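Numbered according to this note's numbering, the sequence shown terminates at residue 406, and the numbering increases by one at each position without gaps. For each residue, glycine too, the CB sits at the ideal point set by N, CA and C. Remember, predicted model here, so these are calculated numbers, not experimental data. Have a look at the structure below before the remarks.
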Amino acid sequence: QFVLMSATLGDVSMFEKDLTRRTGRPTSVVRSATRPVPLSYEYRFTPITETLTELLDTRQSPVYIVHFTQAAAVERAQSLMSINMCTKEEKEKIADMIGGFRFTTKFGQNLSRYVRHGIGVHHAGMLPKYRRLVEKLAQAGLLKVICGTDTLGVGVNVPIRTVLFTALTKYDGTRVRTLRAREFHQIAGRAGRAGFDTAGFVVAQAPEHVIENEKAVKKAGDDPKKKRKVVRKKAPEGFVAWSETTFDKLITSEPEPLTSRFRVTHTMLLAVIARPGNAFEAMR
Numbered sequence: 123q124f125v126l127m128s129a130t131l132g133d134v135s136m137f138e139k140d141l142t143r144r145t146g147r148p149t150s151v152v153r154s155a156t157r158p159v160p161l162s163y164e165y166r167f168t169p170i171t172e173t174l175t176e177l178l179d180t181r182q183s184p185v186y187i188v189h190f191t192q193a194a195a196v197e198r199a200q201s202l203m204s205i206n207m208c209t210k211e212e213k214e215k216i217a218d219m220i221g222g223f224r225f226t227t228k229f230g231q232n233l234s235r236y237v238r239h240g241i242g243v244h245h246a247g248m249l250p251k252y253r254r255l256v257e258k259l260a261q262a263g264l265l266k267v268i269c270g271t272d273t274l275g276v277g278v279n280v281p282i283r284t285v286l287f288t289a290l291t292k293y294d295g296t297r298v299r300t301l302r303a304r305e306f307h308q309i310a311g312r313a314g315r316a317g318f319d320t321a322g323f324v325v326a327q328a329p330e331h332v333i334e335n336e337k338a339v340k341k342a343g344d345d346p347k348k349k350r351k352v353v354r355k356k357a358p359e360g361f362v363a364w365s366e367t368t369f370d371k372l373i374t375s376e377p378e379p380l381t382s383r384f385r386v387t388h389t390m391l392l393a394v395i396a397r398p399g400n401a402f403e404a405m406r
């Protein structure tokens with residue numbers, strides 16, 4: 123018997139039919155879009171440090187800041203060291219939980235500074251012991267901010283109240299593209315965990331050059347002459363843009379169906395034929 127579960131898979135009719143065919147037993151699909159913890163969404167035109175400070179002041183932490191490169195996540199953690207995240211008592215609790223943990227690498231020494239300040243880093247390139255430490259501190263509610271990639275969006279149960287997207291585009295190994303709805307919902311769904319929160323928050327930052335342009339226009343005020351003199355910053359060359367419309371579309375879009383990439387190769391076919399048993403049945 124199988125119990126297959128997913129919150130972001132989209133149309134599962136293919137799995138329903140295939141399981142029934144393979145097992146000879148009826149497959150029941152239970153569909154529900156109701157979240158036990160409701161999410162609220164916001165698109166921000168403020169610099170990320172200002173956005174984060176407001177989230178901390180309004181008790182919307184812990185905040186998971188989503189980046190799409192490991193280097194960007196680490197750089198962000200370093201840049202946030204100037205913000206006072208924790209009280210003295212909270213820092214003492216962090217130190218007690220760290221205890222005799224050994225930070226044995228250069229990255230580990232930097233991570234030690236970050237976590238003692240209430241800032242975690244989480245990505246697939248870290249040593250497992252460092253990831254486990256960040257997860258342990260997060261589960262204890264001692265980290266105010268976690269800077270990471272979408273790895274925390276998969277298979278790790280930590281209390282995150284707010285997910286903050288630094289971008290709505292990612293490099294997929296071939297090109298920079300807009301996030302798919304399934305990717306967006308997978309990450310955004312980490313906000314507001316059942317049993318931890320009564321509400322979750324999803325925030326997306328506008329592109330940096332757009333934020334700077336908005337700031338310049340506001341500074342000019344209502345003076346038409348000053349507004350005309352505003353020199354708007356251009357997007358970097360090759361920049362793939364996103365906007366509030368992109369954000370709204372991702373929120374309302376249904377997750378895309380999962381498409382199989384499985385391919386039968388000659389080598390695979392020969393290996394199956396060489397095995398004992400019915401090769402045809404094995405490949406069905």
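Annotation: the continuous alpha helix (DSSP H) that includes Ile-395 extends over 388-396.
Secondary structure of Gly-146 (DSSP, three-state): coil. In the pairwise beta carbon analysis, the region 238-256 is classified as not touching the region 162-180: fewer than three pairs are separated by under 8 Å. No Cβ-Cβ contact shorter than 8 Å links Ala-289 with Leu-161. For Val-332, the uninterrupted alpha helix (DSSP H) segment begins and ends at 330-342. Annotated three-state conformation of Leu-161 is strand, per DSSP. In chain order, Ala-338, Val-339, Ala-342 place their CB closer than 7 Å to the CB of Val-352, counting only its own chain and leaving out the 5 sequence neighbours on each side. Taken through DSSP and simplified to helix, strand or coil, Leu-265 comes out as coil.
Going by DSSP, Gln-327 is part of the beta strand (DSSP E) stretching over 322-327. A direct Cα-Cα distance of roughly 36 Å separates Lys-266 from Val-152. The criterion of a C-beta distance shorter than 8 Å is not satisfied by Glu-366 and Ala-303. In this structure Phe-287 touches Val-188 by the C-beta definition: roughly 5 Å separates them, less than 8 Å. Ranked by how close their Cα comes to the Cα of Cys-208, the residues Ser-135, Asn-232, Val-237 have Val-237 in first place. Sorting Val-324, Thr-381, Ile-333 by C-alpha distance to the C-alpha of Val-159 places Val-324 at the top.
The beta carbons of Leu-264 and Glu-212 sit closer together than 8 Å.
For Leu-174, the enclosing alpha helix (DSSP H) begins and ends at 170-179.
If you look at Leu-372, you'll find it isn't in any beta strand (DSSP E); it sits in the alpha helix (DSSP H) that goes 366-374. If you look at Gly-242, you'll find it in the beta strand (DSSP E) that goes 241-244. When rounded, the separation of the alpha-carbon atoms in Leu-233 and Tyr-293 is 26 Å. According to the DSSP assignment, Leu-286 belongs to no alpha helix (DSSP H) but to the beta strand (DSSP E) extending over 284-287.
In this structure, Val-386 and Thr-291 do not form a Cβ contact; the two beta carbons are roughly 34 Å apart against a cut-off of 8 Å. Here Arg-253 has His-244 as same chain residues with Cβ atoms under 7 Å from its own Cβ, once five neighbours each way along the sequence are excluded.
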